[in-house]
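2 protein chains.
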Amino acid sequence: MPERSLVFPPEEFRDRTRRLQAAMAESGLDALLLTTPADIFYVTGFLTRFWESPTRPWFVVVPASGDPIAVIPAIGADLMGRTWLGDIRTWVSPAPEDDGVSLLAGTLRDTVAEGGRIGLPMGRETHLRMPLADHARVAAAIGARCFVEGTAPLHRVREVKSAREVAAIREACAIAGRAFDRVPEIAAAGVPLDAVFRRFQAVLLEEGADWVSYLAGGAGPGGYGDVISPAEPRALSQGDVLMLDTGAVRQGYFCDFDRNYSIGRADDASRRAHAALFEATEAALDALRPGMEAREAHDVMHRSLLSAGQTPLGGRLGHGLGIALTEWPSLTDWDATPLREGMVLTLEPGVEIAPGRIMVHEENLVLRADGAELLSPRAPAELPVVGQ
Amino acid sequence: MPERSLVFPPEEFRDRTRRLQAAMAESGLDALLLTTPADIFYVTGFLTRFWESPTRPWFVVVPASGDPIAVIPAIGADLMGRTWLGDIRTWVSPAPEDDGVSLLAGTLRDTVAEGGRIGLPMGRETHLRMPLADHARVAAAIGARCFVEGTAPLHRVREVKSAREVAAIREACAIAGRAFDRVPEIAAAGVPLDAVFRRFQAVLLEEGADWVSYLAGGAGPGGYGDVISPAEPRALSQGDVLMLDTGAVRQGYFCDFDRNYSIGRADDASRRAHAALFEATEAALDALRPGMEAREAHDVMHRSLLSAGQTPLGGRLGHGLGIALTEWPSLTDWDATPLREGMVLTLEPGVEIAPGRIMVHEENLVLRADGAELLSPRAPAELPVVGQ
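Protein sequences appear in the order of chains A and B. Every number in the numbering used here is 74 more than the matching position in the first sequence, counting from 1. Every number in the numbering used here is 74 more than the matching position in the second sequence, counting from 1.
Listed below in structure tokens is the structure:
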């Protein structure tokens, strides 16, 4: 008998399912169809890096009541069989003509009465992880049932993290914190940036990350050009600001925070920018309360940066965090999503120091009834110097 | 002026685009809309791990002639600006109401005449990486133009690798080969499997991987249960067969091959299984020629395993490889895709040694006019023993 392979005990997933079903009922949904790694992991505990293979579609149907049903390629039967799900329907995928279409359609017909509404996440920050042509075939094969927008119940449930989820994210943050403490071991003038990236990922693994799904960063004199580039082989130089931004994964949960370092002595503009970013984060940490809107958190940071004489970056200054590197809500000037107790958020203010030279700063927190509780070890107030 | 950030010189991407446009013309497509990391990297050279964030959609439009147009979130403008593309249209994403929809629809209207057909990959092994509701909005906003199935031209072009692509995959394979040579340093009885996974990923990075997007495997007495599970903390024992299967990435290209090891002396059944898998792979390496169908490669391995008295696993026994961990075609009993010179393929025979105990074996190759050329260093014929 193979061991169970759940990150958390079955009651965690049962509770998530019950909360989801309550939200589905409020939205008038008779079932919810999930297709993405994060959504399926959330409900089942099915954790695998095999999602990296885009070949096969995977489905989980959450009925209005009762346990979810997995409709998956046979290659996943063993692993899904070790989750809490009892009803697992498989086909050999890839298949020449019918790659799970009739099995899924049959499951939806079994689960939802005629006239029923099947929720499918179609809104912002979602996508459908199956061939579009097969989606049309399923829609045609479910008779007098229809697919309707199902994003809201899923997002409203997933955005409030359980105690176990918070603990997993806290552990991922602690791992990354220990790795950031070791950056002086690996970064110095003359070391190529791509070597720093490779060694930092190895350090994250040494410190306990299960895997490193995300590492980005930059380095340049007095700031860097962007925050999403992979590393180039250019060597670090005295006066560079180096930024590393990690999504290390532990038990299927991400951290997402960054740190800045000056290679040798920093110039005044870099130090002022770092201090302003630290203060803007501090202001948001002080201000955050359940019931605020996401945009108010943005505004706190934005105002703080302006009052420090800085040029804030456009776009969002933070976001949700959990099973995915970035989740909703968005700390932008428009997102009116109410902040709720139990949300895990990033604060990510950024400034333009000079044209083409930016600096960003990021922390992770969980929102409690009385305010923010940090999950990432707090960055130093002053820009740290390494490699001197 | 920021440096160029292309994995390959611009002529590589120009040539890909011209080949794609020729295939589009044959299929009667007036444009092709790309939304996934692999497809967008293929045409532009835009390489980033930022795809890990599901928040924002990204688009590239390949017109019937002329250069591709990027329609992307502003956060990617700097990096896309370092590719060969000249026409880069951006919006600040995420956006409250119109998250790139009108910018994309306007670009499609600019690019395609009324009555035109816009290809979108909708077939097997594809998905649409944008919110489904926004896809419907774009479809409604492009006037007398329509989206049609666009998988075939894309797949027929991507499946034949250029010399530069083969070199990148060969390098990823060499990195993993050196890492596999070091498994005796990290695996032994008493070492927990999850520690082996962490250390193996660090070794891959030390040997030159840019990142490790995939590692799966298993360990168990005389075989393992499945090949997609993450590692559990159970310690390795004498008599376990350990399998590690990696997708290490170098310059945006994957290797995908595995190796088996016996922890201490192997039992006869494990050794016979390994020898049969080696021989089945050898038979396919000898037999492969351009013009064969994918299913013939499957049949060669399947027959070899049967004649060795083994029980072959169902499903596919190999697949395409390149920008994604798994690509088409599938070496199954039904895939009639013609094998072509320049395809990069995996051979991945597997057997069931006993109920719930399997063994798989994998190599990577490029198909030349005169047959298979290995890209992975060949596995040893006999199951290697470690930790004795």
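Here a beta-carbon is modelled for each residue, glycine too, at the ideal position from N, C-alpha and C. Bear in mind the structure is a predicted one, so any value in this text is a computation, not a measurement.
Check	Outcome
Which bits of chain B does Pro128 (chain A) rub up against, with CB to CB less than 9 Å?	Thr110, Ala112, Glu199, Thr200, His201, Ala398, Leu399, Thr400, Glu401
Work out the CA separation of Ala276 (chain B) and Gly282 (chain A) for me, nearest whole Å.	11 Å
Rounded to the nearest angstrom, how far is the Cβ of Phe87 (chain B) from that of Trp158 (chain B), given a contact under 8 Å?	5 Å
With a threshold of 8 Å between beta carbons, is Gly296 (chain B) in contact with chain A?	no
In three-state terms, what does DSSP make of Pro304 (chain B)?	coil
So Glu239 (chain A) contacts chain B; which residues on that side make the cut at Cβ distance below 8 Å?	The premise fails here: Glu239 (chain A) is roughly 18 Å from chain B at the closest Cβ pair, so nothing lies under 8 Å.
Under 8 Å between C-beta atoms, does Gly321 (chain A) make it to chain B?	yes
Please tell me whether Met433 (chain B) has its Cβ less than 8 Å away from any Cβ of chain A.	no
Once you ignore the five residues that flank Gly197 (chain B) on each side, which residues in its own chain have a CB closer than 7 Å to its CB?	Glu223, Thr225
Is Cys247 (chain A) helix, strand or coil by DSSP?	helix
Leaving out five residues on either side along the sequence, give the residues of the same chain with a beta carbon under 7 Å from the beta carbon of Pro168 (chain B).	Thr129, Arg130
Just to confirm, is the Cβ distance from Leu351 (chain A) to Met433 (chain A) under 8 Å?	yes
Since Val212 (chain B) is in the alpha helix (DSSP H), which residue starts that stretch and which ends it?	206–215
When you compare only the Cα positions, how much space is there between Ala97 (chain A) and Glu188 (chain A)?	21 Å
Along the region 138–168 of chain B, what residues have a CB closer than 9 Å to any CB found in chain A?	Pro147, Ala148, Ile149, Gly150, Ala151, Asp152, Leu153, Arg156, Val166, Ser167, Pro168
From the DSSP output, which residues share a beta bridge with Thr320 (chain A)?	A:Leu289, A:Phe331
Residues of chain B with a CB under 8 Å from the CB of Gly217 (chain A): which are they?	Per Cβ cutoff of 8 Å: no residues; Gly217 (chain A) is ~21 Å from chain B at best.
Between the Cα of Met469 (chain A) and those of A:Arg92, A:Leu316, A:Val134, A:Pro266, spot the shortest distance and give me the residue it belongs to.	Given that chain A is displayed from residue 75 to residue 462, the structure contains no residue 469 (chain A) and the question cannot be resolved.
Compare the beta carbon distance of Ala361 (chain B) and Val374 (chain B) with 8 Å and say whether it is the shorter of the two.	yes
Just how far apart, CA to CA, sit Glu199 (chain A) and Glu401 (chain A)?	8 Å
State the beta-bridge partners of Glu223 (chain B) as determined by DSSP.	B:Leu194
Comparing the C-beta of Thr463 (chain B) with each C-beta of chain A, is any distance below 8 Å?	For residue 463 (chain B) there is no data in the structure shown, the boundaries of chain B being 75 and 462.
For Thr385 (chain B), write down the residues that DSSP places opposite it in a beta bridge.	B:Glu426
Tell me, please, whether the CB atom of Glu223 (chain B) is closer than 8 Å to any CB atom in chain A?	yes
Is the Cβ of Val117 (chain A) closer than 8 Å to any Cβ of chain B?	no
Exposed or buried, Asp332 (chain B), counting other C-beta atoms within 10 Å across all chains shown (16 or more means buried)?	buried
Is the distance from the Cβ of Ala293 (chain B) to the Cβ of Leu279 (chain B) below 8 Å?	no
Between the Cα of Thr185 (chain B) and those of B:Leu449, B:Ala138, B:Thr110, spot the shortest distance and give me the residue it belongs to.	B:Ala138
Measuring only the C-alpha atoms, how far is Arg397 (chain A) from Ala250 (chain B)?	Looking at the sequence shown, residue 397 (chain A) is not Arg but Ile. Straight-line Cα distance between these residues: approximately 28 Å.
Closest to Leu405 (chain A) by C-alpha separation, out of A:Pro111, A:Arg442, A:Arg369, would be which residue?	A:Arg369
Measure the Cβ-Cβ separation of Leu289 (chain A) and Thr320 (chain A) and say whether it is below 8 Å.	yes
Strictly under 8 Å for the Cβ-Cβ distance: is Thr420 (chain B) near chain A by that measure?	no
For Arg377 (chain B), count neighbouring Cβ atoms within 10 angstroms of its own Cβ and tell me buried if that reaches 16, exposed if not.	exposed
Go through the region 137–201 of chain A residue by residue and report every complete run of the beta strand (DSSP E) that reaches 3 residues or more, in order.	143–147, 161–165, 191–194
In angstroms with no decimal places, state the Cα-to-Cα distance between Arg93 (chain A) and Lys235 (chain A).	12 Å
If we cut at 8 Å on Cβ distances, does Pro76 (chain A) have a partner in chain B?	Since pLDDT at Pro76 (chain A) reaches only 43, below the 50 mark, its modelled position is unreliable, and the value read off the structure follows with that caveat. Output row for Pro76 (chain A): interface = yes.
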